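Participant:
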Amino acid sequence: MKQVLADEQAMAAFGAALAASVTEGGVIFLRGDLGMGKTTLSRGVLRGCGHTGSVKSPTYTLVEPYDTPSGPVFHFDLYRLSDPEELEYLGIRDYFTEQALCLIEWPDKGDGVLPSPDLEIQIELSGTGRSLLLTPVTQKGQAMVDNLSNTTTELAGDD
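Below is the structure:
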């Protein structure tokens, strides 16, 4: 599924729609260069899960936990990770439960330690907006995409 979003507001709205598409926890890899909107998308997901407090980028902490009305959400930013084995010291495996939604920015930095994703989202520039390519990896990821496809047409901007 490809989605073109016009601006930051559309990215946050798409994140909220993505949150609504999740019926149980899952693992979502967020890929894209610096400044593409991975954290903005994550903020939208958290808002969609009912989180009302601040959402900060976990660039220095590696993970920020959120207890939302929709269940636990863990937002990872692995940009500053120098060795995937560092994730073992974080107790990384404890985060990946059936109920938890795990959003992982820079997943390549955790190769060999992270579980496979349910859904991968590649974010790239598209004019002044962003283009998102959603690739489901599991049946759970496919269900997310199927649920999204009916709710996101109003978010699209001009190509």
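Heads up: the sequence shown begins at 6 in the numbering used here, then just goes up one per residue.
The beta-carbon is built from N, C-alpha and C at its ideal position, and this holds for glycine as well.
Source: prediction; values computed, not measured.
When you compare only the Cα positions, how much space is there between residue 38 and residue 98?
Facilitator: If you number the sequence shown from 1, residue 38 lands on position 33. If you number the sequence shown from 1, residue 98 lands on position 93. Distance between the alpha carbons of residue 38 and residue 98 is about 26 Å.
Participant: For residue 21, which residues from the same chain have a beta carbon less than 6 Å from its beta carbon, with the 5 sequence-adjacent residues on both sides left out?
Facilitator: Residue numbering aside, residue 21 sits at position 16 when the sequence shown is read from its first letter. The residues are 49, 52 and 53.
Participant: Can you name, in chain order, every residue of its own chain whose Cβ lies under 6 Å from the Cβ of residue 146, other than the five neighbours on each side?
Facilitator: One-based indexing of the sequence shown puts residue 146 at position 141. Once the five neighbours on either side are set aside, the close Cβ partners of residue 146 are 123 and 124.
Participant: If you follow the alpha helix (DSSP H) that residue 95 is in, where does it begin and where does it stop?
Facilitator: In the sequence shown, the residue the question calls residue 95 occupies position 90. Premise fails: residue 95 is in no alpha helix (DSSP H) and is neither H nor E.
Participant: Take residue 47 and list the residues in its own chain whose beta-carbon comes closer than 8 Å to its own, dropping the five residues that flank it on each side.
Facilitator: Your numbering for residue 47 matches position 42 in the sequence shown. Here the set comprises 20, 35, 60, 80, 108 and 110.
Participant: Beta-carbon separation of residue 137 and residue 14 under 8 Å?
Facilitator: Indexing the sequence shown from 1 puts residue 137 at position 132. Indexing the sequence shown from 1 puts residue 14 at position 9. Going by C-beta atoms, residue 137 is not nearer than 8 Å to residue 14.
Participant: Ends of the alpha helix (DSSP H) at residue 47?
Facilitator: Indexing the sequence shown from 1 puts residue 47 at position 42. Per DSSP, residue 47 belongs to the alpha helix (DSSP H) from 43 to 53.
Participant: Can you grab the Cα-Cα spacing for the pair residue 89 / residue 75, in whole Å?
Facilitator: In the sequence shown, counting from the first residue as 1, residue 89 sits at position 84. In the sequence shown, counting from the first residue as 1, residue 75 sits at position 70. Straight-line Cα distance between these residues: approximately 29 Å.
Participant: Taking Cβ to Cβ, would you say residue 41 is nearer than 8 Å to residue 139?
Facilitator: Stepping through the sequence shown from its first residue, residue 41 is reached at position 36. Stepping through the sequence shown from its first residue, residue 139 is reached at position 134. No; because the gap between Cβ atoms is not below 8 Å, this pair is not in contact.
Participant: Quick check on residue 26: buried or exposed, where buried means 16 or more other Cβ atoms within 10 Å of its Cβ?
Facilitator: For the purposes of this step, residue 26 is taken as the residue at position 21 of the sequence shown. Classification of residue 26: buried, given that the 10 Å Cβ count is 16 or more.
Participant: Among 44, 23, 71 and 82, which residue has its Cα nearest to the Cα of residue 105?
Facilitator: By 1-based counting over the sequence shown, the position of residue 105 is 100. Nearest option by C-alpha distance: 71.
Participant: Once the 5 residues before and after residue 87 are set aside, which same chain residues still bring their CB inside 6 Å of it?
Facilitator: As a position in the sequence shown, residue 87 is number 82, starting the count at 1. Result list for residue 87: empty, nothing under 6 Å.
Participant: Please decide whether residue 35 counts as near chain B, where near means a Cβ-Cβ distance under 8 Å.
Facilitator: The displayed structure is made up of one protein chain only, and chain B is not part of it.
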